[in-house]
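Asks: Dropping the structure in here first, questions after.
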Amino acid sequence: MTIASTATQQKLDRSAPVFIAGRRGLVGSALWRHFTDEGFTALMGPSSAELDLRDRQSVFRWFAENQPHTVILAAARVGGIKANATRPTEFISENLRIQVNVLDAALQYGVQRLLFLGSSCIYPKAAAQPIREDALLTGPLEETNDAYALAKIAGIMQVKAVRRQHSRTWISVMPTNLYGPGDNFHPEHSHVLPSLIRRFHQAKVENAPEVTNWGTGTPRREFLHVDDLARACLLLLERYDSDSPINVGTGEDLTIRELAEMVASVVGYAGGLGWDAAQSDGTPRKLLDVSRITALGWKPEIGLRDGITGTYAWYRSKCDKNQK
Ligand code: GFB
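Going by the numbering used here, the first residue of the sequence shown is number 27, and it counts up by one from there.
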């Protein structure tokens, strides 16, 4: 697949209304911080209580009243491996409804620039590593998150269909596993990095001799700080225009065991590490090929250890506040 024609140069008007759907989430809040720092003065981000994106009528009414110029669709039902594996019905149904409502309304109300966020789990389980964008739909998906992945693939297809039929500059962006301040630290439903931060912190406070993590510790994952993703999103809105989704990651991965050791060291937990192999490992490896986005001039700025240190500080500040 050629990428020669995908680079574009269209600076966004900083005073035009930009709708960040999912503004309270991990990604949406990072987008809000970055776009504010970059001088955007008309950001819009109703909470889910103010606007339920699963409700088609409310979404159309909101677009009619607010007329956004640009849309970033960062709203989704998300979760870690266990949430995905045990709640596939909600993951497919809610994500499809959110996407179809927002994309249909954006089409009807003339939104020219739109960025749809997916996930690296859209690629086949056995995709060659690092995973290139053209691996999409070349093989079966990882079973623990196939419902979520299929919803995201449907979103990519809808973006592509609108581009083809209505000539809008809409794009799809596929980030690797994300983390950072504002993450969900739920012990069962969250992703691995916030789970480990919470578990090691608790073990340190309670002087626990050992901590047990899920799976074998052998799967490999790539982790991107959400502030690096936010920078990538603005750059892509201004510089990328193609039917193909584009990957965003660091290009480096590590085993879950290595990640656990790093989190334990940042938190200051000195006890032992155990593994519960009865829990799913999920996909064995999921490293993205990031040559397309790096060719556009973006690279990650926050190293994993520094990113975990900042995220742990954020978690501590929330814990301390809740205890007061
Ligand atoms: O972050 P995670 O849930 O997401 O799990 P996935 C990554 C790996 O960490 C798996 C292991 O091998 C887990 O078994 N792990 C070890 C843990 N301890 C824990 C723990 O305490 N909590 C969690 N959550 N994992 C998700 C997908 O897959 O990644 C989503 O289900 C989405 O669809 C998301 O794509 C980014 O990378 O396995």
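All residues carry an ideal CB built from backbone N, CA and C; glycine is no exception.
Does the Cβ of Asp209 have 16 or more other Cβ atoms within 10 Å, making it buried, or fewer, making it exposed?
Replies: buried
Asks: Taking a cut-off of 5 Å, which residues have a beta-carbon closer than that to any heavy atom of the ligand GFB, in chain order?
Replies: Gly106, Ile107, Asn110, Ser145, Cys147, Asn171, Tyr174, Asn203, His217, Val218, Ser221, Asn239, Trp240, Gly241, Pro245, Ile282, Asp307 and Gly308
Asks: Looking at the secondary structure, which residues open and close the beta strand (DSSP E) in which Gly300 lies?
Replies: Gly298 to Asp302
Asks: On the DSSP letters alone, give me the boundaries of the alpha helix (DSSP H) that Leu260 sits inside.
Replies: Unbroken alpha helix (DSSP H) run through Leu260: Val252 to Arg265.
Asks: With distances taken Cα to Cα, identify the nearest neighbour of Thr238 among Pro201, Tyr295, Asn273 and Gln184.
Replies: Cα-wise, what sits closest to Thr238 is Tyr295.
Asks: What residues are listed by DSSP as bridge partners for Ile157?
Replies: Leu314
Asks: At the level of alpha carbons, what is the spacing between Leu57 and Met288?
Replies: 27 Å
Asks: Cα-Cα, which of Leu280, Val128 and Ala154 is closest to Arg82?
Replies: The shortest Cα separation from Arg82 among Leu280, Val128 and Ala154 belongs to Val128.
Asks: By DSSP, does Val274 sit in helix, in strand, or in coil?
Replies: In the three-state DSSP reduction, Val274 falls in the strand class (E or B).
Asks: Output the boundary residues of the beta strand (DSSP E) element that contains Glu64.
Replies: Here Glu64 belongs to no beta strand (DSSP E), and DSSP marks it neither H nor E.
Asks: Pair every Cβ in the region 177-197 with every Cβ in the region 134-144, then say whether three or more of these pairs are closer than 8 Å.
Replies: yes
Asks: Can the beta-carbon of Val274 be found closer than 8 Å to that of Gly206?
Replies: no
Asks: Taking C-alpha atoms, which residue in Arg331, Trp340 and Leu314 lies nearest to Ala161?
Replies: Leu314
Asks: Is the beta carbon of Thr170 sitting closer than 8 Å to the one on Ile107?
Replies: By the CB criterion at 8 Å, Thr170 and Ile107 fall inside the cutoff.
Asks: Go to Pro114, then tell me how far its alpha helix (DSSP H) extends in each direction, as first and last residue.
Replies: Pro114 to Gln134 is the extent of the alpha helix (DSSP H) around Pro114.
Asks: Taking the C-alpha atoms as reference points, what is the distance between Leu322 and Ser270?
Replies: 15 Å
Asks: Would you list the one or two residues that DSSP bridges to Tyr205?
Replies: When DSSP reads this structure, Tyr205 sits in a beta bridge with His251.
Asks: Are the beta-carbon atoms of Gly297 and Pro235 separated by less than 8 Å?
Replies: yes
Asks: Do the region 245-264 and the region 51-65 make contact, defined as three or more Cβ pairs closer than 8 Å?
Replies: yes
Asks: Quick one: give me the first and last residue of the alpha helix (DSSP H) that Leu219 is part of.
Replies: Val218 to Glu232
Asks: Please state if the CB of Ile334 and the CB of Val292 are separated by a distance shorter than 8 Å.
Replies: yes
Asks: Compare the C-alpha of Gly181 against each of Leu99, Leu77 and Met70 and name the closest.
Replies: Leu99
Asks: CB Cys147 to CB Ala173, shorter than 8 Å?
Replies: no
Asks: Residues in its own chain within less than 8 Å of Ser306 by CB, not counting five upstream and five downstream?
Replies: Shown here for Ser306: same chain residues with a beta carbon closer than 8 Å to its own, the five before and five after excluded, namely Ile107, Lys108, Ala111, Thr170, Trp240 and Gly241 in chain order.
Asks: Should Leu219 go down as buried or exposed, given a rule of 16 or more other Cβ atoms within 10 Å for buried?
Replies: Burial call: buried.
Asks: Does Phe45 come out as helix, strand or coil in the three-state DSSP assignment?
Replies: strand
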